[in-house]
Amino acid sequence: MLAFYGRRFPTVEAHSTYRRLPAESALQRWVDLVPDDFRFAPKAHMGITHRRDLDGVEERVASFFAAIAPLRAVLGPVLFSVPHQEPDLARLDRLLAGLPSAPRLPVAFELGPAWATPAVVTRLEAHQATLVLVDADGRPPADLEVGPFSYVRLRRSRYDRAELEAWAERLGQTTASGRDVYAFFKHDDAGNGPRYARRVIGCVSDL
0 MLAFYGRRFP
10 TVEAHSTYRR
20 LPAESALQRW
30 VDLVPDDFRF
40 APKAHMGITH
50 RRDLDGVEER
60 VASFFAAIAP
70 LRAVLGPVLF
80 SVPHQEPDLA
90 RLDRLLAGLP
100 SAPRLPVAFE
110 LGPAWATPAV
120 VTRLEAHQAT
130 LVLVDADGRP
140 PADLEVGPFS
150 YVRLRRSRYD
160 RAELEAWAER
170 LGQTTASGRD
180 VYAFFKHDDA
190 GNGPRYARRV
200 IGCVSDL
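Set out below in structure tokens:
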């Protein structure tokens, strides 16, 4: 399945790393199954983003990056999906402090709308971290680009043709400006995500 996917799409969010860390041999198999220019976007483990206490969180971040080291050749941004709706600057500072500084790896933070404050933006920019743009039912994406690349999560239950074409135009313009873009549709049992993605990719190619 991964080899089939890798021949048709350039990147994937790896959600399995959120629940448990795959064995080194499993990660190496991921690498072997995809083209050299494919990129994985692993989701940070829930023990990093969802534990209430912060004791040892820097060490947990470091351990996570060490665990995904086998993906280095095909590693895209690491997604930190922080569930807290209200800004928690102390938590953000601790998470950012745990990030590896050499080499600096691409990271993206998915934060609630209330987090879009100057204090948060300043912290993300200081660590060259990207703020994820989320387009969900009842939550249109913020018109705010923070970080060295764009990371977009398209989470609505349905998209019509016009909406997909609008997203293709927006993402195409961002790419044309020289900014890398990672965009992911929501998985659903009906298989709409891959169809939406193919439509957007096709539209971007036609721009």
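If you're matching positions, the sequence shown starts at 0 in numbering that gives the first Met the number 0 and goes up one per residue. Here a beta-carbon is modelled for each residue, glycine too, at the ideal position from N, C-alpha and C.
Problem - Proximity below 8 Å, CB of L123 to CB of G146 - result: A contact, by the Cβ cut-off of 8 Å.
Exercise for the section: Grab the span of the beta strand (DSSP E) containing V180 for me, first residue to last. Expected result: From DSSP, the beta strand (DSSP E) with V180 extends over 180 to 184.
Problem - Start and end residues, beta strand (DSSP E) containing S149 - result: Note, S149: beta strand (DSSP E), 149 to 153.
Practice task
Give me the Cα-Cα distance between L163 and G46, rounded to the nearest whole angstrom.
Solution key: A direct Cα-to-Cα measurement between L163 and G46 gives close to 35 Å.
Exercise for the section: Could you check the C-alpha separation between D188 and V60 for me, to the nearest Å? Expected result: Rounded to the nearest angstrom, the two C-alpha atoms are 32 Å apart.
Practice task
Return the chain-ordered list of same chain residues with a C-beta closer than 7 Å to the C-beta of L143, the five sequence neighbours on each side being excluded.
Solution key: Cβ neighbours of L143 beyond the five flanking positions: A115, L130.
Exercise for the section: Can you tell me which of D52, Q172, D35 puts its alpha carbon nearest to the alpha carbon of P9? Expected result: If we check each option's Cα against that of P9, D35 comes out closest.
Handout entry: Separation of D52 from G5, as counted between CA atoms
Key = The alpha-carbon separation between G5 and D52 amounts to approximately 38 Å.
Problem - Top-ranked residue by Cα proximity to L32, from N191, E57, A2 - result: Nearest option by C-alpha distance: A2.
Handout entry: Contact set for S156: own chain, Cβ-Cβ below 7 Å, skip 5 residues either direction
Key = Answer for S156: D136, listed in chain order.
Handout entry: Limits of the beta strand (DSSP E) - the one that L78 falls within
Key = Looking at the DSSP string, the run of the beta strand (DSSP E) that includes L78 is 77 to 80.
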